[in-house]
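This report refers to the structure that appears directly beneath it.
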Amino acid sequence: MGTFRDKSPELFWQVVLKLPLQDNRITAWKFCHVLHKLLRDGHPQTIVHSQKYRSRIADLGKLWCHLKEGYGKLIQQYCQLLLVKLDFHMKNPGFPGNLVLSAEELEKIGENDINNYFQMSVEMFDYMDEILTLQEAVFGSLDMSRSNSMTSSGQCRLAPLIQCIQDSSQLYDYCVRILFKLYSQLPADVLSGHRARFLKQFHQLRQFYNFSSSLQYFKNLIQIPLLPENPPNILVQAELRSYVAPVVILPPEEPDGPSVAGDLVDVSSESSQNCSRSMSPDLVAQKDNLIDHLQNELVSCQTLILQLKRKIILLEETLAEKEEELTKVRAEQASLLKQLEESSKLQEAANKANNMDEKFAKLKDVYAKLREEHIQLIRQKADVDKQLAGMKNLDLEIAERTKLEEELATLQVTADAATEQNEALVYKVELSVKEKSLLESKLQESQTSKNELADKLKEMESKLSDRRLTDLENCIDILQRMIGYINDHKFCSTTSSLDDLEIINDQISSAIEKKNIFHLTHLIATLMLLGKAACNSLPDLETGEKIVNILREIGDETIKILQSTKNESTISTDYQSIRARISDLFKLYKSVQNSNSVESLSDLVENELATMDKAIEEAAIRIEEMLKESKAADSGIKLEVNGKILDSCTMLMKAIRILVQKSKTLQAEIVASGNPNNNLSAKEFYKRNHQWTEGLISAAKAVGMAARYLLTAADDVVSGNGKLERLIVASQGVAASTAQLVVASRVKADRHSTNLIALSTASKDVTHATGNVVATVKSCSQLVEESDDLDFSGLSLHQAKQLEMDSQVRVLELEAGLEKERLKLAALRRYHYQLSGDIVQH
1 MGTFRDKSPE LFWQVVLKLP LQDNRITAWK FCHVLHKLLR DGHPQTIVHS QKYRSRIADL
61 GKLWCHLKEG YGKLIQQYCQ LLLVKLDFHM KNPGFPGNLV LSAEELEKIG ENDINNYFQM
121 SVEMFDYMDE ILTLQEAVFG SLDMSRSNSM TSSGQCRLAP LIQCIQDSSQ LYDYCVRILF
181 KLYSQLPADV LSGHRARFLK QFHQLRQFYN FSSSLQYFKN LIQIPLLPEN PPNILVQAEL
241 RSYVAPVVIL PPEEPDGPSV AGDLVDVSSE SSQNCSRSMS PDLVAQKDNL IDHLQNELVS
301 CQTLILQLKR KIILLEETLA EKEEELTKVR AEQASLLKQL EESSKLQEAA NKANNMDEKF
361 AKLKDVYAKL REEHIQLIRQ KADVDKQLAG MKNLDLEIAE RTKLEEELAT LQVTADAATE
421 QNEALVYKVE LSVKEKSLLE SKLQESQTSK NELADKLKEM ESKLSDRRLT DLENCIDILQ
481 RMIGYINDHK FCSTTSSLDD LEIINDQISS AIEKKNIFHL THLIATLMLL GKAACNSLPD
541 LETGEKIVNI LREIGDETIK ILQSTKNEST ISTDYQSIRA RISDLFKLYK SVQNSNSVES
601 LSDLVENELA TMDKAIEEAA IRIEEMLKES KAADSGIKLE VNGKILDSCT MLMKAIRILV
661 QKSKTLQAEI VASGNPNNNL SAKEFYKRNH QWTEGLISAA KAVGMAARYL LTAADDVVSG
721 NGKLERLIVA SQGVAASTAQ LVVASRVKAD RHSTNLIALS TASKDVTHAT GNVVATVKSC
781 SQLVEESDDL DFSGLSLHQA KQLEMDSQVR VLELEAGLEK ERLKLAALRR YHYQLSGDIV
841 QH
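The sequence shown begins at 1 in UniProt numbering and counts up one residue at a time.
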């Protein structure tokens with residue numbers, strides 16, 4: 001109040017310099033606290049006038065820094081903070097002492113200059129560092145186990161942190177907004193140092209606020225903001241919209257001293273006692289609770305109002321930025337048009353400059369001639385003067401003298417006219433030189449602008465070309481990987497229908513018409529995958545191989561088009577080769593579809609089921625033979641392992657044979673139930689339900705292939721040429737294929753059919769037998785590992801270390817390979833689910 005009354009802090013400094021600041025540590029600490037509060041909340045001239053006392057503050061800090069413990073370090077650090085605050089306000093006079101500015105005022109101080117914002121942010125970081133260093137020193141000097149925050153000595157040290165919280169919240173808000181501006185106009189590598197300092201200060205400031213909020217001392221003095229767990233991402237401009245500035249709220253101060261009523265009315269002690277007796281303790285407590293409740297609501301409302309104001313300011317800033325961006329775009333467009341118009345006038349300016357050169361040369365010649373004539377006239381005048389001066393003959397005739405005088409006057413007039421003409425020519429020459437210089441300057445500027453536009457155009461064309469080449473290379477990579485997929489046997493179990501292919505064909509025709517090469521690439525890739533899936537359901541393997549070859553040729557033709565497009569600025573490629581190959585593909589599909597007559601479907605069902613039975617029976621017989629051979633040739637751990645594995649495989653084969661038998665019984669029931677009047681043969685039933693029939697054929701194929709694969713895996717394991725993990729995969733493949741057969745049979749079956757229940761039970765038995773195979777393999781794998789000879793007693797120190805390092809390298813290689821395979825498996829699953837979803841939608 002005194003600084004506002006005197007409009008100066010001089011009285012404060014006159015008094016405070018007489019205090020024992022260098023003798024009493026508490027006095028020095030309180031001085032720093034009061035000066036900080038005065039710089040924040042005092043008259044604006046306080047900061048200006050306090051600049052001349054900087055040396056006193058610096059000397060005080062240097063004096064107390066020699067006291068290593070207690071207040072010595074705190075006073076030295078507080079003096080350093082006050083000096084930095086004075087420096088900051090001296091360099092940035094637009095900031096008030098309390099650092100409270102609106103968004104418009106901050107824009108005005110920055111003058112929309114990126115260099116000003118860059119330097120301002122550095123100074124704010126320095127200011128913030130001193131605040132964080134002081135709070136760290138204060139908390140480090142307290143013994144929190146003794147609850148020093150509620151003692152007088154502890155509160156004496158904590159009190160200045162209220163001003164530190166107020167300053168730091170404003171500095172943090174301005175740093176965030178300025179960094180967003182910097183990153184919108186400067187490269188990220190230039191601002192890497194700014195971002196590192198900001199992230200470090202964010203975590204320190206968040207810890208400062210969280211720790212201060214937990215102290216009881218601050219709860220009734222200040223409402224401390226809580227920063228989010230993660231800092232705002234200043235690399236993404238959209239993050240500024242969701243940014244919320246921290247708000248610090250101080251509760252209203254209660255008036256000190258007696259009330260006005262107490263000064264005007266003399267209330268005796270007796271009357272006070274009577275009044276206190278008339279008010280019960282419960283009523284007093286209720287009144288206090290109501291006051292506290294109203295104050296809390298007032299604080300909450302103030303917080304909400306500040307947050308809403310910040311949000312309004314943020315929205316206004318966003319709107320202003322968008323309008324500014326729109327204005328910039330329009331200005332750039334107008335500038336480009338203007339520059340193009342000016343560039344069209346370059347030739348005219350050059351022609352005009354040449355004309356000026358010619359005029360200047362002509363004027364220069366005329367000036368030289370006139371100058372010679374002027375000199376000649378001057379010489380003639382001098383001759384006449386000499387003649388007049390030499391005339392001493394008094395008898396000279398008047399007529400002759402008059403004549404000479406007339407000639408002299410004529411010569412003088414001619415000389416004056418020549419002088420005026422000469423001056424006019426000199427002025428014209430100087431004007432022409434200036435005009436020529438101006439035209440040459442404009443011509444140079446126009447040429448520079450033209451070169452800049454040409455450079456920008458080349459840069460944009462280069463970026464566009466690089467992006468186009470990148471997209472084309474990605475498209476080529478997609479098609480090459482798709483060609484690899486259709487050649488991979490892992491996709492032999494995926495199926496699709498001709499309807500899906502016809503939808504893709506229509507989309508391909510549209511993409512070709514629009515010459516959208518990138519959309520066409522993805523459609524071709526989808527066609528190749530769906531075509532391969534459709535081949536898997538065809539009974540004729542030779543026809544399926546022809547279709548796969550056509551799909552591979554379509555992919556190759558598309559890759560050729562993409563590679564030729566990479567060397568062209570526009571897409572003008574002929575797509576007739578792709579159209580022809582797609583036409584051949586659908587002709588082949590139509591012929592295959594038409595050839596699936598009643599007899600062929602029926603025969604296929606019978607043949608595939610018979611082939612499946614034969615494959616299962618051969619696998620079971622071969623497994624029994626392998627068990628006999630192992631008993632005759634092996635012994636010990638190997639015999640035990642082979643016996644357990646072959647026994648579990650035998651049980652699995654038995655379960656599969658039972659499931660196949662139940663499936664046949666259910667199939668016969670389905671055919672019979674689908675022909676209640678006996679007016680259709682089994683072949684006609686298969687024809688009317690061709691999709692179900694094809695699914696049944698595909699399932700039978702899958703079961704037969706899985707049985708053969710299981711047999712091969714078991715044979716390799718027993719012979720010592722295979723891995724146990726392959727046997728696990730084979731058994732799981734058996735379970736999956738039999739599940740496919742169950743699903744294919746269940747589609748047409750009655751839910752209450754006893755044969756369906758028996759089939760489901762057989763399916764569970766297969767699942768149980770599969771689990772038994774997996775468990776047996778894992779048990780045998782552990783048994784084999786335990787039987788390995790791990791005797792390293794004969795190794796030297798160097799050999800043991802070498803083996804240890806080799807083992808570590810192998811572990812890292814296996815872990816890397818496992819991670820790579822997991823990523824590949826996840827990608828294949830995602831792609832498979834995506835294709836499955838597309839097929840279902842179609």
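For glycine and all other residues, C-beta sits at the position ideal for the given N, C-alpha and C. The model shown is predicted, which means the values in this text are computed figures rather than measured ones.
CB of residue i within 8 Å of CB of residue j, strictly
i           : j      : result
residue 862 : ILE224 : Within the shown structure, residues of the chain are numbered from 1 to 842, placing residue 862 beyond reach of any answer.
LEU182      : TYR117 : yes
SER731      : LEU825 : no
LYS532      : ILE486 : yes
ALA714      : MET626 : yes
ARG157      : LEU67  : no
LEU19       : PHE31  : yes
ILE517      : ILE554 : no
LEU666      : SER753 : yes
GLU239      : PRO228 : no
residue 853 : ARG195 : The shown model of the chain, from 1 to 842, leaves out residue 853, and the question about it has no answer.
TRP13       : TYR71  : no
SER212      : LEU142 : no
ALA610      : ALA769 : no
GLY42       : PRO93  : no
ALA758      : LYS662 : yes
ALA700      : LEU741 : yes
VAL777      : LEU724 : yes
ARG581      : ILE561 : no
Whole-Å CB distance - residue i paired with residue j, under 8 Å assumed
i      : j      : result
ALA800 : SER763 : Not quite, the Cβ-Cβ distance comes to about 53 Å (not below 8 Å), so this is no contact.
ILE670 : LYS748 : 5 Å
MET90  : ILE178 : Between ILE178 and MET90 the Cβ distance is about 19 Å, and since that is not below 8 Å, they are no contact.
LEU479 : ILE559 : 5 Å
ILE524 : ILE508 : 7 Å
PRO246 : TYR174 : Incorrect: roughly 11 Å between the Cβ atoms, too far for contact.
SER779 : VAL718 : In fact, because the Cβ distance is near 16 Å, the residues do not count as touching under 8 Å.
THR526 : ILE504 : 6 Å
ALA619 : LEU710 : 7 Å
HIS33  : ALA159 : 6 Å
Element boundaries [alpha helix (DSSP H), containing residue i]
i      : result
CYS156 : 152-158
TYR10  : For clarity, residue 10 is Glu in the given sequence; the question names Tyr instead. 10-16 is the extent of the alpha helix (DSSP H) around GLU10.
GLY61  : 54-64
LEU523 : 517-535
GLN737 : The residue asked about is misnamed: residue 737 is Ser in this sequence, not Gln. That run of the alpha helix (DSSP H) goes 724-746.
ALA749 : That residue, ALA749, is in no alpha helix (DSSP H); it is neither H nor E in DSSP.
LEU35  : 25-41
GLY2   : 2-6
GLN51  : Premise fails: GLN51 is in no alpha helix (DSSP H) and is neither H nor E.
Contact with chain E by residue i, beta-carbon distance below 8 Å
i      : result
GLY544 : Going by chain labels, chain E is absent from the structure shown, which holds only one protein chain.
**Entirely enclosed beta strand (DSSP E) segments - the segment 186-256, minimum 3 residues** = If we require 3 residues or more, the segment 186-256 turns out to have no beta strand (DSSP E) run fully inside it.
**Item:** Segment contact, 8 Å Cβ cut-off, at least three pairs: the segment 47-63 with the segment 119-132
**Value:** Flag = no, the segment 47-63 and the segment 119-132 do not touch.
**Prompt:** Would you call the segment 81-88 and the segment 105-116 touching, i.e. three or more CB-CB distances under 8 Å?
**Reply:** Under the 8 Å Cβ criterion, the segment 81-88 does not count as touching the segment 105-116, having fewer than three qualifying pairs.
**Message:** Assess contact between the segment 625-644 and the segment 752-768, defined as three or more Cβ pairs (one per stretch) separated by less than 8 Å. Is contact present?
**Reply:** Remark: fewer than three beta-carbon pairs, one from each stretch, lie closer than 8 Å, so the segment 625-644 and the segment 752-768 are not flagged as touching.
**Asked** What residue ranges within the segment 91-132 form continuous alpha helix (DSSP H) runs of no fewer than 4 residues, ordered along the chain?
**Response** Here the runs fully enclosed are 103-110.
**Request:** Would you check if the segment 91-103 and the segment 166-173 touch, i.e. whether three or more CB-CB distances between them fall below 8 Å?
**Result:** Three or more beta-carbon pairs drawn from the segment 166-173 and the segment 91-103 are found closer than 8 Å, and the two stretches are therefore classed as touching.
**Asked** Can at least three beta-carbon pairs, one atom from the segment 149-158 and one from the segment 191-205, be found at a separation below 8 Å?
**Response** No, the segment 149-158 does not touch the segment 191-205.
**Message:** When you compare the segment 610-630 with the segment 585-592, are there three or more beta-carbon pairs, one atom per stretch, that lie closer than 8 Å?
**Reply:** Contact annotation: the segment 610-630 does not touch the segment 585-592, with fewer than three C-beta pairs closer than 8 Å.
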